[in-house]
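Peer 1: Using this note's numbering, the first residue of the sequence shown is number 71, and each one after it goes up by one. The C-beta atom is built at its ideal place from N, Cα and C for all residues, glycine as well. Quantities reported herein were computed from a predicted structural model and do not represent experimental measurements.
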Amino acid sequence: MELDWSQLVDLLRRFWRWWMSNLAALVPAALARRVRRLFAILEIETDGSRVRLRHRHGDTVRELGTVAFAQRTGDAVATELRSLLAAADGYYDRSFLRVAPSRVLSRTIRVPAAARHSLAEAIGYDIDRQTPFGEDQVYFTVTPLSGSGVEGEIAVRLEVVRRTDIDEPLAFLAAAGIRPDRIVAGEGGGRLPLPAAMARKGQSWRGVAGVLALGAAVAFFLAAYLPVARVNEDLARVEAESARTRAAAARVESLRREMQALADAESRLLARKAREPMALALLAEVTAAIPDTAFLIEFGADGTGVTLSGYAEKASDAISWIEGTEHLGGARFLSPVMQDQRLGRERFSLAAERQDGDGHDREVDEEAGP
71 MELDWSQLVD
81 LLRRFWRWWM
91 SNLAALVPAA
101 LARRVRRLFA
111 ILEIETDGSR
121 VRLRHRHGDT
131 VRELGTVAFA
141 QRTGDAVATE
151 LRSLLAAADG
161 YYDRSFLRVA
171 PSRVLSRTIR
181 VPAAARHSLA
191 EAIGYDIDRQ
201 TPFGEDQVYF
211 TVTPLSGSGV
221 EGEIAVRLEV
231 VRRTDIDEPL
241 AFLAAAGIRP
251 DRIVAGEGGG
261 RLPLPAAMAR
271 KGQSWRGVAG
281 VLALGAAVAF
291 FLAAYLPVAR
301 VNEDLARVEA
311 ESARTRAAAA
321 RVESLRREMQ
331 ALADAESRLL
341 ARKAREPMAL
351 ALLAEVTAAI
361 PDTAFLIEFG
371 ADGTGVTLSG
381 YAEKASDAIS
391 WIEGTEHLGG
401 ARFLSPVMQD
411 QRLGRERFSL
421 AAERQDGDGH
431 DREVDEEAGP
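Right under this line is the structure:
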């Protein structure tokens with residue numbers, strides 16, 4: 071089948087209208103609001119006897135005019151509608167028909183909770199009891215109301231519009247080449263079903279468009295998502311490896327500090343042992359310096375020196391004994407020398423300071439610093 075350019079453009083516009091009307095719910099609300107401002111919308115309102123056209127493009131709204139149906143032929147109405155559209159360059163991406171609130175019967179009813187998943191069918195059987203009309207005389211929509219039911223029941227809002235208030239305006243619009251994408255009841259009301267004739271007319275096109283739309287959506291998703299997903303996976307892997315490397319480096323650094331601390335402590339201990347003979351070594355050194363005619367009864371050692379008490383034939387000689395050792399010096403008496411008549415010797419008590427091997431006083435060296 072050959073298509074001229076006007077048919078192709080019309081086909082593409084119809085496809086775009088269907089796309090926007092059926093996939094809009096999948097788009098985030100903030101993005102959808104921005105996208106809607108980019109496209110033209112034809113708003114049509116009817117009370118059954120006339121239609122009012124409004125053209126909306128972004129934040130710009132243009133009132134195109136009102137066309138009455140009373141005592142007029144379809145061709146005359148269609149001609150006037152086309153002339154109104156010409157004022158908006160005849161272009162729009164989407165269109166919808168709104169039934170005036172004065173032509174909508176709205177009421178709240180309660181239905182068994184078991185009918186939650188088939189509200190339209192359940193209420194369709196009971197429409198003649200809920201309204202003054204039969205099911206074949208009206209179009210209706212049912213909207214569940216949250217939080218307003220009782221146990222075993224759910225509350226719903228039923229909105230009913232007579233078929234004649236929709237079918238006649240739709241026929242005039244169709245004659246002018248206008249086919250609304252959807253029909254709504256009143257301001258902010260529910261979405262009414264499209265008449266069967268319109269649904270059948272668009273069935274073949276919508277089937278093809280559905281396949282095209284699904285294929286385009288899948289292709290776009292794969293083209294956009296897969297590279298991003300791959301990059302995200304690579305980033306996550308690199309971050310995980312980096313985290314493991316940082317953790318290993320931190321453990322190594324912690325072990326290095328611990329080993330360095332142990333090495334430093336060991337070095338200090340060895341140096342101290344080299345500088346400071348042990349108490350037993352000092353005792354042996356003092357014992358070796360004392361002659362056999364003298365003996366000790368007390369010996370004490372700390373970090374700075376030693377204290378000792380004993381007996382000698384001549385206590386003043388004890389000073390020379392201590393001064394003659396390798397690691398002690400600065401000997402001095404701690405108390406007066408006393409003569410012990412029973413032993414025939416002098417009792418002495420003295421203290422001496424530790425010195426390095428070269429004869430320097432340890433305390434003096436420490437005060438002088440390293």
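1) Drop a sphere of 10 angstroms on the beta-carbon of Pro239, count the other beta-carbons inside from all chains shown, and report buried for 16 or more, exposed for fewer.
2) Can you give the Cα-Cα distance for Arg454 and Leu175, rounded to whole angstroms?
3) Thinking C-alpha only, which one of Phe365, Met329, Leu325 is nearest Tyr381?
4) Output needed for Thr363: all residues of its chain with C-beta closer than 6 Å, excluding positions within five of it in sequence on either side, in chain order.
5) Tell whether a beta-carbon distance below 9 Å holds between Ala110 and His125.
6) Could you tell me which residues DSSP pairs with Phe369 in its beta bridges?
7) Name the two residues that bound the continuous alpha helix (DSSP H) containing Leu155.
8) Considering just the uninterrupted stretch of the beta strand (DSSP E) at Leu228, what are its terminal residues?
9) Hey, Val169 and Glu150: beta-carbon distance below 9 Å or not?
10) Are there 16 or more other CB atoms within 10 angstroms of the CB of Gly375, so buried, or fewer, so exposed?
11) Mind checking which residues open and close the alpha helix (DSSP H) that includes Asp198?
12) Is the beta carbon of Leu404 sitting closer than 9 Å to the one on Gln425?
13) Round the Cβ separation of Gly118 and Pro171 to the nearest angstrom and send it over; I've been treating them as touching at under 8 Å.
14) Does the distance from the C-beta atom of Leu134 to that of Pro250 stay below 9 Å?
15) For Val174, does the three-state DSSP call read helix, strand or coil?
16) Are the beta-carbon atoms of Val226 and Leu215 separated by less than 9 Å?
17) By a C-beta neighbour count over all protein chains shown, 10 Å radius and 16 as the cutoff for buried, is Ile367 buried or exposed?
18) DSSP three-state call for Arg249: helix, strand or coil?
19) With H, G and I counted as helix, E and B as strand and the rest as coil, what does DSSP make of His127?
20) Is it buried or exposed, Glu188, if we count other Cβ atoms within 10 angstroms and call 16 or more buried?
21) Please report how far the alpha carbon of Ala349 lies from the alpha carbon of Arg321, in whole angstroms.
22) Across the region 352 to 359 and the region 320 to 336, are there enough close Cβ pairs to call them in contact, namely three or more that are closer than 8 Å?
23) Ala385 by DSSP, collapsed to three states: which one?
24) Taking just the CA atoms, how far does Asp196 sit from Leu112?
25) What's the C-alpha gap between Arg316 and Glu323?
26) Kindly give me the distance between the Cβ atoms of Ile224 and Gln200, rounded to whole angstroms, as I take these residues to be in contact under 8 Å.
Peer 2: In short:
1) Here residue 239 is taken as the residue at index 169 of the sequence shown, counted from 1. With 16 or more Cβ atoms within 10 Å of its Cβ, Pro239 is classed as buried.
2) Only positions 71 to 440 of the chain appear in the structure, and residue 454 is not among them; the question remains open.
3) Within the sequence shown, numbered from 1, the residue matching residue 381 stands at position 311. The candidate whose alpha carbon is nearest that of Tyr381 is Phe365.
4) For the purposes of this step, residue 363 is identified with residue 293 of the sequence shown, where counting begins at 1. Same-chain partners within the cutoff: Glu383.
5) Here residue 110 is taken as the residue at index 40 of the sequence shown, counted from 1. Here residue 125 is taken as the residue at index 55 of the sequence shown, counted from 1. Yes, Cβ-Cβ distance for Ala110 and His125 is below 9 Å.
6) For the purposes of this step, residue 369 is taken as residue 299 along the sequence shown, with counting starting at 1. The secondary-structure analysis by DSSP pairs Phe369 across a beta bridge with Leu378.
7) Stepping through the sequence shown from its first residue, residue 155 is reached at position 85. Taken as a continuous stretch (DSSP letters only), the alpha helix (DSSP H) holding Leu155 covers 144 to 156.
8) Taking the first residue of the sequence shown as 1, we reach residue 228 at position 158. Segment 223 to 232, the beta strand (DSSP E) holding Leu228.
9) On the sequence shown, residue 169 is found 99 positions in, with the first residue counted as 1. On the sequence shown, residue 150 is found 80 positions in, with the first residue counted as 1. No; because the gap between Cβ atoms is not below 9 Å, this pair is not in contact.
10) On the sequence shown, residue 375 is found 305 positions in, with the first residue counted as 1. Gly375 comes out buried.
11) Position 128 of the sequence shown, counting from 1, holds the residue named residue 198. Counted as a single uninterrupted DSSP element, the alpha helix (DSSP H) harbouring Asp198 occupies residues 197 to 200.
12) Mapped onto the sequence shown, residue 404 falls at position 334. Mapped onto the sequence shown, residue 425 falls at position 355. It is not a contact, given that the beta carbons lie outside the stated cut-off.
13) Looking up residue 118 in the sequence shown gives position 48. Looking up residue 171 in the sequence shown gives position 101. About 13 Å separates the two Cβ atoms, so there is no contact after all.
14) For the purposes of this step, residue 134 is taken as the residue at position 64 of the sequence shown. For the purposes of this step, residue 250 is taken as the residue at position 180 of the sequence shown. Judged by beta-carbon spacing, Pro250 lies beyond the 9 Å limit of Leu134, meaning their Cβ atoms are not closer than that value.
15) Walking along the sequence shown from the start, residue 174 turns up at place 104. The answer is coil: DSSP assigns Val174 none of H, G, I, E or B.
16) On the sequence shown, residue 226 is found 156 positions in, with the first residue counted as 1. On the sequence shown, residue 215 is found 145 positions in, with the first residue counted as 1. Cβ atoms of Val226 and Leu215: closer than 9 Å.
17) Along the sequence shown, read from residue 1 onward, the residue named residue 367 stands at position 297. Under this definition Ile367 is an exposed residue.
18) Counting from 1 along the sequence shown, the entry for residue 249 is found at position 179. Residue state for Arg249 is assigned as coil, using DSSP reduced to three classes.
19) For the purposes of this step, residue 127 is identified with residue 57 of the sequence shown, where counting begins at 1. His127 carries a strand assignment under DSSP once its states are collapsed to helix, strand and coil.
20) Translated into the one-based positions of the sequence shown, residue 188 becomes position 118. Before going on, a small fix: residue 188 reads as Ser here, not Glu. By the neighbour-count rule (16 or more Cβ atoms within 10 Å), Ser188 is not buried but exposed.
21) For the purposes of this step, residue 349 is identified with residue 279 of the sequence shown, where counting begins at 1. For the purposes of this step, residue 321 is identified with residue 251 of the sequence shown, where counting begins at 1. Separation of Ala349 and Arg321 (C-alpha to C-alpha, rounded to the nearest whole angstrom) is 41 Å.
22) The answer is no - the region 320 to 336 does not touch the region 352 to 359, with fewer than three Cβ pairs under 8 Å.
23) Taking the first residue of the sequence shown as 1, we reach residue 385 at position 315. Coil, per DSSP.
24) Position 42 of the sequence shown, counting from 1, holds the residue named residue 112. Position 126 of the sequence shown, counting from 1, holds the residue named residue 196. Distance between the alpha carbons of Leu112 and Asp196: 35 Å.
25) Along the sequence shown, one-based indexing puts residue 316 at 246. Along the sequence shown, one-based indexing puts residue 323 at 253. Distance between the alpha carbons of Arg316 and Glu323 is about 10 Å.
26) Numbered from 1 along the sequence shown, position 154 holds the residue referred to as residue 224. Numbered from 1 along the sequence shown, position 130 holds the residue referred to as residue 200. In fact, because the Cβ distance is near 15 Å, the residues do not count as touching under 8 Å.
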